[in-house]
Structures are given as C-alpha cells and as structure tokens.
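Protein chains in written order, with my numbering: chain A, 256 to 566; chain B, 58 to 313; chain C, 4 to 298. Note sheet for the following structure.
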Amino acid sequence: MGVVNPRIISISALYAILIFLSLFSRSLAELVFLILITCILSQSLNIIMGLAGLVSLGQAFFFGTGVYMFTYLVINEVNPYLSIILGGLVSAIFALALGLVLLRLRGVYFACGTLVVTLAAPYFISGTGIVGGFAGLNIYRYISPFYNIYLCLFSLLVTSIVMSILTIKLLRSPFGYSLKAIKDDHDAAETLGINTFRQKTIAFCISALFSGIAGAIWAFKQAYILPSIAFNPLRSIEAILTMLVGGTGTVIGPILGTIIYEAFRDAVMRTAPGLQVLIFGILVIVIVLMAPEGLIGLLRKRFKSIRDKIF
Amino acid sequence: MSLLLVENVTKRFGGLLALNNVTLTVGEGEILGLIGPNGSGKTTLINVISGVYTPEYGRVIFKGTDITKTKSYQRSRLGIARTYQIVRVFPNLTVFENVLIGALNGRNYGKIVMNKAEERTEDIISLVGLSHVKDFPAKMLNVQDRKKVELARALATDPDLLMLDECLAGLTPSEIFEMLSIIRKIRDERGISIIMVEHIMHAVMNVSDRIVVLNEGKKIAEGTPKEISNDQKVAEVYFGDRELALKFVRRTQENA
Amino acid sequence: MLENIASIVLFGLFLAFVYSLQTISFNLVVGMLRILNLAHAELIVFGTYIAYWSWVLFNLDPFMSLPLSAIMGLAAGFALYYLLIKKLVFSTDAALIATFALSLVLSELMKVLWTANYRGISWTLGSIRISSITIPVTYICSTLGSIVTILLIYFIMYKTYFGKACRAVAIDPTASAICGVNVKKTLLYGFVFSSCLAFISGNLLVVYAPTGINPYMGSTIIARCLVIATLGGLGNPWGALIGGLIIGMIEQIMPIVLMAIVPGIEPFSFTPFIYFMAYLLILLIKPEGILGGRR
Numbered sequence: 256m257g258v259v260n261p262r263i264i265s266i267s268a269l270y271a272i273l274i275f276l277s278l279f280s281r282s283l284a285e286l287v288f289l290i291l292i293t294c295i296l297s298q299s300l301n302i303i304m305g306l307a308g309l310v311s312l313g314q315a316f317f318f319g320t321g322v323y324m325f326t327y328l329v330i331n332e333v334n335p336y337l338s339i340i341l342g343g344l345v346s347a348i349f350a351l352a353l354g355l356v357l358l359r360l361r362g363v364y365f366a367c368g369t370l371v372v373t374l375a376a377p378y379f380i381s382g383t384g385i386v387g388g389f390a391g392l393n394i395y396r397y398i399s400p401f402y403n404i405y406l407c408l409f410s411l412l413v414t415s416i417v418m419s420i421l422t423i424k425l426l427r428s429p430f431g432y433s434l435k436a437i438k439d440d441h442d443a444a445e446t447l448g449i450n451t452f453r454q455k456t457i458a459f460c461i462s463a464l465f466s467g468i469a470g471a472i473w474a475f476k477q478a479y480i481l482p483s484i485a486f487n488p489l490r491s492i493e494a495i496l497t498m499l500v501g502g503t504g505t506v507i508g509p510i511l512g513t514i515i516y517e518a519f520r521d522a523v524m525r526t527a528p529g530l531q532v533l534i535f536g537i538l539v540i541v542i543v544l545m546a547p548e549g550l551i552g553l554l555r556k557r558f559k560s561i562r563d564k565i566f
Numbered sequence: 058m059s060l061l062l063v064e065n066v067t068k069r070f071g072g073l074l075a076l077n078n079v080t081l082t083v084g085e086g087e088i089l090g091l092i093g094p095n096g097s098g099k100t101t102l103i104n105v106i107s108g109v110y111t112p113e114y115g116r117v118i119f120k121g122t123d124i125t126k127t128k129s130y131q132r133s134r135l136g137i138a139r140t141y142q143i144v145r146v147f148p149n150l151t152v153f154e155n156v157l158i159g160a161l162n163g164r165n166y167g168k169i170v171m172n173k174a175e176e177r178t179e180d181i182i183s184l185v186g187l188s189h190v191k192d193f194p195a196k197m198l199n200v201q202d203r204k205k206v207e208l209a210r211a212l213a214t215d216p217d218l219l220m221l222d223e224c225l226a227g228l229t230p231s232e233i234f235e236m237l238s239i240i241r242k243i244r245d246e247r248g249i250s251i252i253m254v255e256h257i258m259h260a261v262m263n264v265s266d267r268i269v270v271l272n273e274g275k276k277i278a279e280g281t282p283k284e285i286s287n288d289q290k291v292a293e294v295y296f297g298d299r300e301l302a303l304k305f306v307r308r309t310q311e312n313a
Numbered sequence: 004m005l006e007n008i009a010s011i012v013l014f015g016l017f018l019a020f021v022y023s024l025q026t027i028s029f030n031l032v033v034g035m036l037r038i039l040n041l042a043h044a045e046l047i048v049f050g051t052y053i054a055y056w057s058w059v060l061f062n063l064d065p066f067m068s069l070p071l072s073a074i075m076g077l078a079a080g081f082a083l084y085y086l087l088i089k090k091l092v093f094s095t096d097a098a099l100i101a102t103f104a105l106s107l108v109l110s111e112l113m114k115v116l117w118t119a120n121y122r123g124i125s126w127t128l129g130s131i132r133i134s135s136i137t138i139p140v141t142y143i144c145s146t147l148g149s150i151v152t153i154l155l156i157y158f159i160m161y162k163t164y165f166g167k168a169c170r171a172v173a174i175d176p177t178a179s180a181i182c183g184v185n186v187k188k189t190l191l192y193g194f195v196f197s198s199c200l201a202f203i204s205g206n207l208l209v210v211y212a213p214t215g216i217n218p219y220m221g222s223t224i225i226a227r228c229l230v231i232a233t234l235g236g237l238g239n240p241w242g243a244l245i246g247g248l249i250i251g252m253i254e255q256i257m258p259i260v261l262m263a264i265v266p267g268i269e270p271f272s273f274t275p276f277i278y279f280m281a282y283l284l285i286l287l288i289k290p291e292g293i294l295g296g297r298r
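So this is what it looks like as structure tokens:
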C-alpha cells in the first residue's frame, strides 16, 4: 500500500458515482436511495456474518425496529434527525438483549433466533396495536416540515460512508482480528485470550445499530409504515444476497454487490414485475452453491495481480 | 514457589473417572513431561488447566491465585497458553495473522499497540522458522508448519506456562529434532515453563527436566527422566507385567 | 368453568398432535442431514393447498386427497433433494441461507400460481357434543390422521431396515457407512420421507385453517416448528411430541389469559409472538431441550 490507498480510491469512486447519479434526476435519486438502504444493511450484515462468521437472518428485524422506534418518536414530536439516531440505538439495545441469550449458544440457535424474532415482530405490532398496529400508520404530517429527499439521501450517504470507514478500520484492528479468529476457530480463539462472547455481542450490536438507522431513514422517506413491510424477511435475504455477490468480509463487496443487485432488480421490475422475489431467491441459492466467495472471490482468482491492491 | 499447582484434581465424564485425585506442580522455567498410555487423562489434565473443563474436585493454582473457576480466555490473559492435539490453526488467515492474533490477545490484551504487536509477531515467526511462509493462509501449510504456527501463536500470547499437547506426533525424526531445539530455545531464552504431553519416549526423556506418569487418571510416578525409565510401575503400564513379558519372550525363543 | 378447562385441554391436545407431526417431519431432516430446512413449512403449505384444490376442483375431501398429497410430497422430495439439498448435506451455514431463500422462493411461487388471497374449504361432518363442549368431527378426523401417521413413523423408524438405517445415520454417518449402510441413499430417502410427511401434515392442517390458507402462512408454521423442535430437543423426533403438547396447550390458553390481563389486545394475532418468547426462554433455561438432541 502506497501513500494513496487504491482500496479507498475505488470505494470513493463508487460513492462519487452514486452521488452523481442522484443529482441527475428524481427517479435516479429514488434508485440511489434504495441502493444506499440495501448497502447499509449489507454492510451491517458483513460485520456480523462476514467478519465474525455468524449467520444472521435477522437484519430485517433490526431494520423494522428502527422503523418503528423512529415512527414512535416522531409521532411524539421528537426531532426526526434525533429520532434516526435513537432508532438505531434502540435496535442496538434489542441486539444486546437478544445476543445475551443467543450468542451464548453454539450452532444454529443464533440464526434460528434471529429468524424467529423477525417472524414474530409483526405479530407483536398487530396484536398490541401499537404505532398503528396491523393497518399501519401515515406519518407524513409529522415529518413534512423536515422532509426533503436530498436530506434523506445525504444522511444515508453519511451513514454508509461511516460504515465503510468503520469496516476498513475494523479489518486492521485488534477487534476485527478477534472476530476473524472467532469465525475460523471459536475454541482456539477463546484459549488465546479472546472473550468470544463479548466480541460477538459487540459486533452484533454494531450491526444492529446501523440496520436500525437504515430503517429509521427509510421510514423518514416513505412516511408510511406497515408491520409486514418493516419486518419483511426479504430484506434479510437481500442483505445476504448482496453481501455474497460482492464477497464476504471485504469492504467493497457489499457496496459493489448492492449496486449490481439494485440495477438488476430495476431491470427485472421492468421486464417481469411480480417475479422479483422468485428470481432473487433462486439467485441466492445458486450463489450459495456455485460461488460462496462471491463475485470478488471469482475476480480474485481471475486477476491475481491486482487482488491485494483493490480488495 | 512453584508456578502452577494442580491439587487433588478429580474429573469425571459420566461413569468414567478421567482424572483421579491428581496432584502436580510445575516450577518456573521447568519443562515437565507428561506421559502415559492412551486414555490415561493427559489431555483432560491439559483441558482442566487451560479452562476447557472445570474439575469436580480439587484446585488449580497459578502464580498463587486459585483459577479453578476462571474462564478459559481469562487464564490466557494470566499467562497460560496451549496447543491442541489435533492442530487448530485459523485456516483461512495467513500465518502472520494467526500469530498476530496471539500477540494482540493473551497477556498483552489491551496493552499492546498494533505496531508493537506486528514487531513481536515478526520476531516469533522467525524464532520458529516460518518467515518464508508468513503470508500464506495457514490451511496451505503442511502438518509440521501448522504445528509451528500453533506453537508460535501460543508463544505470542506471552505466556509463563506453555502446554504442548502432542506437538511432536506425526512428525519425521528430523522434524522432531528441529521442534525439540525450538522448545528448548523457548525455555532457555524466555524462561517459559512448559508442560509437554508426549508419546515419543526418547524425545520426552531428552528434553524434560522432570516427568509425571499418568495411568487411568491416576498419577503413578514422578521423577527425573532417569528415575522414570527405571521405574517398575511405569514399565508395567507400558509393557504389561514384567514377569509375564519375560515368560512370553522366553516361550517365543524356545519355539524358534 | 370446569368445562372451559376441559375444552381448552381437548383442543390443545388436538392441535398438539397436528403440530407434533409437522415438527417430527422437520426434525427428521435436522437429525439425519444435519441441516435446518427452513423451507419445510412451505412444503406443509403445499400440502394444504393440495387439499384445498382437491376439494375445490375434484370435490375430494381432505381424507381422500391424502394419498395424492403423499405422492406429491414424494415427488417434491425427490426434486428438491436432487436440485438443492444434496449439495447442502452437513453444511450448516450454507444450508441455512439456501433453505431460507428456498422458503421465500416457494411461498412466492405459490403466490404467483394461486395469488395471495386467503382461501379455505367448508368441509363439515357435523359435530359431537359432550355436555356443553362442541367438537367438530373434522377436527377429530384430522387429529386421528396425525396420530396414525405418527404411529406409522414410529413403526417405520423402529421396525424396518430403512428406519434403523435412518437412526444409524442420525447418530453417526461414518460409522453407519462402515457398517454397510448406504448413507447417500438413506439421506435421500430420509429427506423424501420427511417431505412426504410434511405434505400429509399440511393436508391434515386444512381443517384448522377454514379461511386462512395463503402463500405466506409458512412463516408462522416454521417459527412454531423451530420452537417445538427446540423445546423437545433439536433433531429428536420424539421430543417434538412433548414440545407439540406444550405449544398446543399454550396456544389454547394464551389468548384467554391475554384477554383477561391486557385489555384491548388482539389475542389471536398476538399468539405467534408468544412462540418467540417461549423460544428465547427455552434457550435461556435449557437449550438442549427437554429430551436432549438428536436421536
């Protein structure tokens, strides 16, 4: 690595393209918005799954928690921008509570736990009827004084860039190394003096924090919330898909994966509306079976000379 | 005062008594050989000392503090390191990263900056002689090198006590010779106490200051290598009843 | 009051066997192939749809359509095994992601094929009255069907060569291979068997969902399966009986308790949330389940 880090250049270039696109037209701005949402989810999944090796099927849960916390605060007339941060924090607290139970156990319990919470959450909302309950809630009148798509985009962009920087820092930090060690051999990591439970819990909380922020910003922009959309398990699979496409455990992987995915989704939406979920589910299965290391893994094999410089 | 004191430790797995009232000590800078037939409880003892198992009865005292109930990672931070019988390197990380993780954790946890840890890693990698493969993923190495990675990683945690669980098994004679010289160097240059679990008798006899023999979870002998090699009980455990063995030898000679 | 309790226990028991059957078939795959088939619930829903369509199109009642479901289950099992599951055997993480994606694909496929409308059949055979408790005969039929199927599974697992091979593979695939069990074949038939059972249990479920058949109902079923399986011991088919019993009872009692305690709550949409709490509670107290893991 020289004075100018090629990895940082390539990531900055991707972000620059996104910003440029969003200024081009309103519809492109909407697309960039979706890209950034998925990108943050994918990057947050990357921390818990790509680095620490824990399969999480619950990014949608933390996303939804962010959505609902944001809504709850906003209808109680809290400043939306503060609510975004608080939404993320509450998601992180949920992750802490969940992690205390699930991360003590080995095996599939963590993945199952995250899935079960995601599936149960909408029932909790409908059953108790809080924040609009089953029928959802329109919050436009609460947020309209602050509403501006470019401000939403900007806050998303900041969050996403913060995540990228965080991931870069993590990869070369003691904490990041301990997560990688846990991924490769849990017991050996423990005997080396790594408090595996604590490290996993922290990683899980960071991951949930950013998913929650993404959810809160999403709610800000949509201004209409529904339990089945906020906690849609599809979002978890989107995060997994984009991370796998780009390459797990890398900085640029989730960003690249998301851009490819959203472009592809846009095309599918135009040609075969209603079949997207079907197509993406099949895509995930194919990638898991054929290229578990993702697109970057394939590229790495192809162009060995540049692999360390960019990825 | 001894560095490690294992006092009356008893550990059972269901009906099996894996360790039966075992007491042993390890002095500072001492190499202790731990031998015994298969299933005699050697690895269980290592697991009790490193914190994988908690004994039903007895205490483990390290540097004067009782660590019987301390968690495994905390013991590492106190200065106990180990290797595994079946090598457990981090397969997808490079040799350098493997050792670096050791350097960042263990006793130096939270006290070492990245640059220092990297320097330390380089030192240890050259000590065990892996400099030429340090950027390779650990899964690409052969058995001997992987054992060395594990050793280096344990060493990087800056331990006072290092437990090597059959680190010579599966190596060729020349590799064993090299490993032994590394082990001796670790003790001589760094003053680290070592517990060696080993089956290769000439190696243990050669390198240990003192030897403890376990059989069916019980300590049956303890002493210098010389004393152990002349011990009646040890010979029985390894070769069966001496008289019976002699009788058998005689009979085969007669038949021939 | 006493009659209320009796009816709760009775309907709890009815549900228990239906849930147990679902979870036993789920646990078979967990135990043998070492993968959590998160798409299992969608197989059950397929079975429910078969019962529905046989009723609507051919006027076959859910009992008459059982063989059809079983055959379709076998076919689906073979197809899925060769397309996907074969490559996932024993690979925990990849299997989780892939079967989760598969569950979305299958539910989406059902939506594309049969729209997202809520459907149901109006199959009635009258009802039996015991003092003031009214029991629809269809419930009895469905539960009896579940019990017979569970007994059949027991018979197959313990009395036939195939069942013994299955149990051997569940305990140790390598050792069974050494003893002459054709592990690959056993895994294949084990999965097909589980898929067939899933379809059958889906078919029996139709009477309990008079208006609730829709492509997305699998999410509740899989959550319930996971809870029951964990409760009884993940991968242990017979733990599912105990787990099913507990969850069946909870499901009957909870709405009444909830309505009494929390005013303004919608108890029936809240119940699935109880599963989640139960799940976390089990993991906190006894993660290996009541009967312990794989058998």
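All C-beta atoms in this analysis are idealised placements derived from N, C-alpha and C, irrespective of residue type, glycine included. Note that this is a predicted model, so its numbers are computed, not measured.
- Taking any Cβ of chain C, which residues in the segment 344 to 357 of chain A have a Cβ under 7 Å from it, in chain order? V356 and L357
- Query: Where does A:F566 sit, in a helix, a strand or coil, going by DSSP?
  - Reply: Only weak support exists for where A:F566 lies, its pLDDT of 44 falling under 50; the value from the coordinates is given anyway. Three-state DSSP puts A:F566 in coil, outside helix and strand.
- Query: If you count every other CB in all the chains shown that lies within 10 Å of the CB of C:N7, and 16 or more means buried, which is it?
  - Reply: exposed
- Task: Taking the CB atoms as reference points, tell me whether B:V185 and B:A213 lie closer together than 8 Å.
- Result: no
- Proximity test, Cβ basis, 8 Å: B:L74 and chain A: no
- Is the distance from the Cβ of B:E108 to the Cβ of B:T127 below 8 Å? Before going further, note that residue 108 of chain B is Gly rather than Glu in the sequence given. Cβ distance < 8 Å, so B:G108 and B:T127 count as in contact.
- Query: When you check each C-beta in the segment 97 to 123 of chain C against every C-beta of chain A, which residues fall closer than 7 Å?
  - Reply: Taking a C-beta cut-off of 7 Å against chain A, the contacting residues of the segment 97 to 123 of chain C are A97, L99, I100, A101, F103, A104, L105, L107, V108, E111, L112 and V115, listed in chain order.
- Message: Using a 10 Å radius around the Cβ and a threshold of 16 neighbouring Cβ atoms, would you call C:L18 buried or exposed?
- Response: buried
- Message: Using beta carbons (cut-off 8 Å, strictly below), is A:L374 in contact with chain C?
- Response: yes
- Item | Within 8 Å, strictly: CB atoms of B:I92 and B:I268 | yes
- Can you find a CB in chain B that lies within less than 8 Å of the CB of A:R562? Note on A:R562: pLDDT 46, under 50, position unreliable in the model; no value is reported.
- List the DSSP bridge partners of B:F119. Paired residues: B:L61 and B:T122.
- Item | Under 9 Å from the C-beta of A:F389: neighbouring residues of chain C | E269 and S272
- Distance, Cα to Cα, C:S130 vs A:G362? In this structure, the alpha-carbon of C:S130 lies about 46 Å from that of A:G362.
- Helix, strand or coil at B:N77 [DSSP, three-state]: In this structure, B:N77 counts as strand in the three-state DSSP scheme.
- Examine chain C for any beta-carbon lying closer than 8 Å to the beta-carbon of A:A293, and answer yes or no. Checking the displayed sequence, the identity of residue 293 of chain A turns out to be Thr instead of Ala. No, because no Cβ of chain C sits closer than 8 Å to the Cβ of A:T293.
- Residue burial classification, B:T111 (beta-carbon count within 10 angstroms, cutoff 16): exposed
- Work out the CA separation of B:D180 and A:F465 for me, nearest whole Å. 39 Å
- For C:V108, which option in A:L544, A:M545, A:I540 and A:A350 has the closest C-alpha, if you only look at C-alpha atoms? Nearest to C:V108 by C-alpha distance, out of A:L544, A:M545, A:I540 and A:A350, is A:I540.
- Rounded to a whole number of angstroms, what is the C-alpha to C-alpha distance between A:R562 and A:R262? Legend: pLDDT at A:R562 = 46, less than 50; position of this residue unreliable, value from coordinates given subsequently. The alpha-carbon atoms of A:R562 and A:R262 are separated by roughly 10 Å.
- At least one CB of chain B closer than 8 Å to the CB of A:T422: is that the case? no
- Message: Using only the alpha-carbon positions, how far apart do A:G391 and B:E176 sit?
- Response: 58 Å
- In terms of alpha-carbon separation, which member of B:A292, B:I277 and B:E255 lies closest to B:T100? B:E255
- Query: At least one CB of chain B closer than 8 Å to the CB of A:L447: is that the case?
  - Reply: Judged by the 8 Å Cβ criterion, A:L447 is in contact with chain B.
- Do the segment 377 to 387 of chain A and the segment 477 to 494 of chain A touch if we need at least three Cβ pairs shorter than 8 Å? yes
- Own chain residues within Cβ distance below 6 Å of A:N301, not counting five before or after: M498 and P509
- Amino acids of chain A, ordered along the chain, whose beta-carbon sits closer than 7 Å to that of B:R2: Nothing can be reported for residue 2 of chain B, as the shown portion of chain B is limited to 58 through 313.
- What residues of chain B sit near A:K455, judged by a beta carbon separation below 7 Å? None at all; the shortest Cβ gap to chain B is about 12 Å.
- Item | Local conformation of A:N393 per DSSP, three classes | Here A:N393 carries a strand assignment [DSSP, helix/strand/coil].
- Query: In terms of alpha-carbon separation, which member of A:F430, A:T373 and A:L289 lies closest to A:K455?
  - Reply: A:F430
- Which runs of the beta strand (DSSP E) fall wholly inside the segment 111 to 162 of chain C and span at least 3 residues, in chain order? 130 to 133 and 136 to 139
- Message: Within 10 Å of its beta-carbon, does A:F566 have 16 or more other beta-carbons around it, so buried, or fewer, so exposed?
- Response: Summary for A:F566: the model assigns pLDDT 44, below 50, so the residue's position carries little reliability; its value from the coordinates is reported in the next sentence. Buried, because 16 or more other Cβ atoms sit within 10 Å of the Cβ of A:F566.
- Task: Pull up the distance between the alpha-carbon of C:T26 and that of A:A284, whole angstroms please.
- Result: 47 Å
- Query: Can you round the beta-carbon distance between A:V329 and A:I394 to whole angstroms, since I take them to be within the 8 Å contact cut?
  - Reply: 6 Å
- Residue span of the beta strand (DSSP E) that contains B:S250, given as start and end: S250 to V254
- Message: Can you tell me which residues form a DSSP beta bridge with B:I268?
- Response: B:G90 and B:G280
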